[in-house]
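Protein sequence lines correspond, in order, to chains X and E.
Quick note on my numbering: the first sequence kicks off at 1 and runs consecutively.
Quick note on my numbering: the second sequence kicks off at 1 and runs consecutively.
For each residue, glycine too, the CB sits at the ideal point set by N, CA and C.
Being a predicted model, the structure only gives us computed values, none of them experimental.
Reading through the structure tokens given below for one structure.
Number of protein chains: 2
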Amino acid sequence: MAEPATEAAPVVTAAILVIGDEILSGRTKDKNIGYIAEYCTNIGIDIREVRIVPDVEGEIVAAVNALRARYDHVFSTGGIGPTHDDITADSMAKAFGVGIDHDPRAVAILTDHYAAGQLNEARMRMARIPDGADLILNKVSKAPGFTLGNVHVMAGVPSIMQAMFDEVAAKIPTGAKMLSRTVPVGMGEGRIAKQLGEIQLEYPDVSIGSYPKMLDGSFATDIVLRSRDEGRLDQAARAVEAMVAAMMQANG
Amino acid sequence: MAEPATEAAPVVTAAILVIGDEILSGRTKDKNIGYIAEYCTNIGIDIREVRIVPDVEGEIVAAVNALRARYDHVFSTGGIGPTHDDITADSMAKAFGVGIDHDPRAVAILTDHYAAGQLNEARMRMARIPDGADLILNKVSKAPGFTLGNVHVMAGVPSIMQAMFDEVAAKIPTGAKMLSRTVPVGMGEGRIAKQLGEIQLEYPDVSIGSYPKMLDGSFATDIVLRSRDEGRLDQAARAVEAMVAAMMQANG
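Here it is, written out as structure tokens:
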């Protein structure tokens, strides 16, 4: 469902790139995708794609290059800590074809944070930032993320990622916000599918989704309408509500 | 970390393809990725990549064609219901270049399930199955998924997806199971990163991951070792445990 952009508030698109063997093995259940997706919807950024890749340089490079060419922004999570399996910063430098070294700004942050003797060689790895990147501050545990071009590289630990995402979101321009209305329906979607499709045809500029769920062993449905035009959205929502009421009566 | 396959039990790879605008908008938080990933690890299938794409035919086709060419199996979830936004079956047929029509086996299942007059045109859409596909039975709500080539197409509602995944898992050959050991460490990973990297170099055939987490406001770490060779895995785990004990003593 393509939405027309206006000059005042263009549509801003983004992808999420989750980096980590522990997500692919199922050992850790990802919490960052849902968080970033909901946050972006609320500030007017459309997440169009998500990829999860392992801690393998070639996979990270290929995914970030595919995504950054296609969307306005890429939000990556994971792989920026001090251990041998944290290879995201080096992979990003490689993807962009730039150098990477200890960044004086990042070194200053870590020097300030760690007690004398605690800033060992491994922790200094967290100050390795690709050339030309801006830092993303981390108020939780100090070691920064970074923004390189249109790619925002953040930690994987949810509390740290969330603090970093606040920093990122405050800096990037956002677009026209996608508005939504939900019409809950106390029956399976199969009963209203035909009528719903007809309403979708009448409102091609409103994206109408039908999401079945199990409630106490039987089906219920949420009809979710989305548009950047509040007037059209309300009209379409009223059409769905009227249709559902008529179907309830017919079935009742 | 490449793992050598043995003749008896080859490495079986797979990708997950989640289809649905509601996941990308953050409205629905995905529960299927973590479930499938953990299940696959337990039965000896390596999930190597995950993609989440919107309910857009071109996106579904491009993603499934990229993934099915690269991995032994693709598990897709979402978009096989009766409403206008359920376009997965048609998109899969397009990706494979095959026809799609009402499948007599699926029609029989639905005819048997629905009371007279309830099997309307929309619900009959759920019997549209690409040519050459095998059905995946659905004991929860009957409308089947399908296997087309190496792609297993399942529902998005978690309880239904899980029932379908049991059917799929029972039919596909699995590989040598990836074994794992977890060593919990009561300190931040920065303190043990150098020593851990040295152990990784000694055990290149064991994948060693370091996963920081926040516990009551301070960092703890899980060291996760993975290998298909139990002997090597135990040796590497003992090396990590000994290193951690030595570090605790040094820090204590």
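Q | Cβ pair X:Ser-76, X:Val-157 closer than 8 Å | A | Your numbering for residue 76 of chain X matches position 76 in the first sequence. Your numbering for residue 157 of chain X matches position 157 in the first sequence. Result no, Cβ atoms of X:Ser-76 and X:Val-157 do not sit closer than 8 Å.
**Q.** Inter-residue CB distance, E:Ala-237 and E:Arg-181 (contact presumed, cutoff 8 Å)
**A.** What you label residue 237 of chain E is simply residue 237 of the second sequence in a count that begins at 1. What you label residue 181 of chain E is simply residue 181 of the second sequence in a count that begins at 1. E:Ala-237 to E:Arg-181, Cβ: 4 Å. Contact.
Q) Does the beta carbon of X:Asp-85 come closer than 8 Å to any beta carbon on chain E? A) Along the first sequence, one-based indexing puts residue 85 of chain X at 85. Interface residue, yes.
Q) Quick one: what's got a C-beta closer than 7 Å to E:Ser-141's C-beta in the same chain, skipping five residues either side? A) As a position in the second sequence, residue 141 of chain E is number 141, starting the count at 1. Correct list, in chain order: Ile-160.
Q) By Cβ distance, which residues of its chain are closer than 7 Å to E:Leu-119, with the 5 residues on each side in sequence left out? A) Here residue 119 of chain E is taken as the residue at index 119 of the second sequence, counted from 1. The answer, listed in chain order, is Leu-110 and Thr-111.
(Q) Are the CB atoms of X:Glu-189 and X:Ser-207 within a distance shorter than 8 Å? (A) Your numbering for residue 207 of chain X matches position 207 in the first sequence. Your numbering for residue 189 of chain X matches position 189 in the first sequence. Against a cut-off of 8 Å, the Cβ pair of X:Glu-189 and X:Ser-207 comes out as no contact.
Q) Once you ignore the five residues that flank E:Glu-22 on each side, which residues in its own chain have a CB closer than 6 Å to its CB? A) Reading the second sequence from its first residue, position 22 is the one you call residue 22 of chain E. The residues are Thr-28.
Q | Terminal residues of the beta strand (DSSP E) in which X:Glu-189 lies | A | Start at 1 with the first residue of the first sequence, and residue 189 of chain X comes out as number 189. X:Glu-189 -> no beta strand (DSSP E), and no H or E assigned at all.
(Q) Buried or exposed for E:Arg-105, going by 16 or more other Cβ atoms inside 10 Å? (A) Position 105 of the second sequence, counting from 1, holds the residue named residue 105 of chain E. Exposed, because fewer than 16 other Cβ atoms sit within 10 Å of the Cβ of E:Arg-105.
Q. According to DSSP, which residues form a beta bridge with E:Val-107?
A. Taking the second sequence and counting its residues from 1, the one referred to as residue 107 of chain E is at position 107. None; E:Val-107 has no bridge partner.
Q. So E:Gly-44 packs on E:Gly-231, CB below 8 Å; how close in whole Å?
A. On the second sequence, position 44 is the one that residue 44 of chain E refers to. On the second sequence, position 231 is the one that residue 231 of chain E refers to. Actually they are not in contact, since the Cβ atoms of E:Gly-44 and E:Gly-231 sit about 18 Å apart, beyond 8 Å.
Q) Looking only at C-alpha atoms, which of X:Leu-233, X:Ala-242, X:Ser-227 and X:Ala-193 sits nearest to X:Thr-221? A) Residue 221 of chain X sits at position 221 when you count from the first residue of the first sequence. When only C-alpha atoms are compared, the closest one is X:Ala-193.
(Q) Tell me whether the stretch 44-57 of chain X and the stretch 51-59 of chain E touch, counting them as touching only if at least three CB pairs, one residue from each stretch, are closer than 8 Å. (A) yes
Q) Is there at least one Cβ from chain E nearer than 8 Å to X:Ala-176's Cβ? A) Looking up residue 176 of chain X in the first sequence gives position 176. So, not an interface residue.
(Q) Please list, in chain order, the chain X residues whose beta carbon lies closer than 9 Å to that of E:Glu-38. (A) Taking the first residue of the second sequence as 1, we reach residue 38 of chain E at position 38. Going along chain X in sequence order, the residues near E:Glu-38 (Cβ under 9 Å) are Ser-25, Gly-26, Arg-27 and Lys-29.
Q) Got a sec? Which residues, its chain only, sit under 7 Å from E:Pro-4 by beta carbon, not counting five neighbours each side? A) Taking the second sequence and counting its residues from 1, one reaches residue 4 of chain E at position 4. With a pLDDT of 47 at E:Pro-4, under the threshold of 50, the modelled position of this residue cannot be trusted, and the question is left open.
Q.
Here's a check: name, in chain order, each residue in its chain whose Cβ is nearer than 7 Å to the Cβ of X:Met-164, leaving out the five neighbours to either side.
A. Stepping through the first sequence from its first residue, residue 164 of chain X is reached at position 164. Only Ile-136, Asn-138, Gly-145, Met-154 and Ala-155 meet the Cβ criterion.
**Q.** Exposed unless 16 or more other CB atoms sit within 10 angstroms - verdict on X:Ala-245
**A.** Reading the first sequence from its first residue, position 245 is the one you call residue 245 of chain X. Burial call: exposed.
**Q.** Buried versus exposed call for E:Gly-81 [16 or more other C-beta atoms within 10 Å across all chains shown]
**A.** For the purposes of this step, residue 81 of chain E is identified with residue 81 of the second sequence, where counting begins at 1. Flag for E:Gly-81 reads buried.
Q. Can we say the stretch 52-69 of chain E touches the stretch 90-99 of chain E, given the rule of at least three CB pairs closer than 8 Å?
A. yes
**Q.** alpha helix (DSSP H) runs wholly inside the stretch 110-138 of chain X, at least 4 long, in chain order
**A.** 121-124
Q. Taking 8 Å as the CB-CB cut-off, is E:Ala-200 touching chain X?
A. As a working note, residue 200 of chain E is residue 200 in the second sequence. It should be pointed out that residue 200 of chain E corresponds to Gln in this sequence rather than to Ala. Yes, its Cβ sits closer than 8 Å to a Cβ of chain X.
Q) To the nearest angstrom, how far is it from the Cα of E:Gly-197 to the Cα of X:Glu-121? A) As a position in the second sequence, residue 197 of chain E is number 197, starting the count at 1. As a position in the first sequence, residue 121 of chain X is number 121, starting the count at 1. For E:Gly-197 and X:Glu-121, the distance between alpha carbons rounds to 12 Å.
Q: Name, please, each residue of chain X whose Cβ falls closer than 7 Å to the Cβ of E:Ala-122.
A: Numbered from its first residue, the second sequence carries residue 122 of chain E at position 122. Near E:Ala-122 (Cβ distances below 7 Å), the residues of chain X are Gly-190, Ala-193 and Lys-194.
Q: Keeping to the same chain, check which residues put their C-beta closer than 8 Å to that of X:Arg-191; ignore five residues upstream and five downstream.
A: Within the first sequence, the letter at position 191 stands for residue 191 of chain X. Same-chain partners within the cutoff: Met-247 and Asn-251.
Q. If X:Ile-33 sits next to E:Asp-30, beta carbons under 8 Å apart, how far is it from one beta carbon to the other, in whole angstroms?
A. As a position in the first sequence, residue 33 of chain X is number 33, starting the count at 1. As a position in the second sequence, residue 30 of chain E is number 30, starting the count at 1. Yes, X:Ile-33 and E:Asp-30 are in contact; Cβ-Cβ is about 7 Å, under 8 Å.
Q) DSSP three-state call for E:Glu-198: helix, strand or coil? A) Here residue 198 of chain E is taken as the residue at index 198 of the second sequence, counted from 1. In the structure shown, E:Glu-198 sits in a helix (DSSP, three-state: H, G or I).
Q.
Taking DSSP's pairing of strands, which residues face E:Ile-257 in a bridge?
A. It is not possible to answer for residue 257 of chain E, since the shown part of chain E is limited to 1 through 252.
Q. Buried or exposed: which applies to E:Arg-70, given that a residue is buried once 16 or more other Cβ atoms fall within 10 Å of its Cβ?
A. Position 70 of the second sequence, counted from the first residue, corresponds to residue 70 of chain E. It counts as exposed.
Q: Sort out for me which residues DSSP pairs X:Thr-182 with in a bridge.
A: The sequence position of residue 182 of chain X within the first sequence is 182, counting from 1. Beta-bridge pairing links X:Thr-182 to X:Val-224.
Q: Under 7 Å between beta-carbons, which chain E residues line up against X:Pro-259? List them in chain order, please.
A: There is no way to answer for residue 259 of chain X, as the model of chain X reaches only from 1 to 252.
Q | Among X:Val-107, X:Met-124 and X:Val-185, the one whose alpha carbon lies nearest that of X:Met-214 | A | Locating residue 214 of chain X in the first sequence gives position 214, where the first residue counts as 1. Residue X:Val-185 is the option with its Cα nearest to X:Met-214.
Q. Are X:Thr-147 and X:Asp-72 touching if we call contact CB-CB under 8 Å?
A. Position 147 of the first sequence, counted from the start, is the residue given in the question as residue 147 of chain X. Position 72 of the first sequence, counted from the start, is the residue given in the question as residue 72 of chain X. Not a contact, by the Cβ cut-off of 8 Å.
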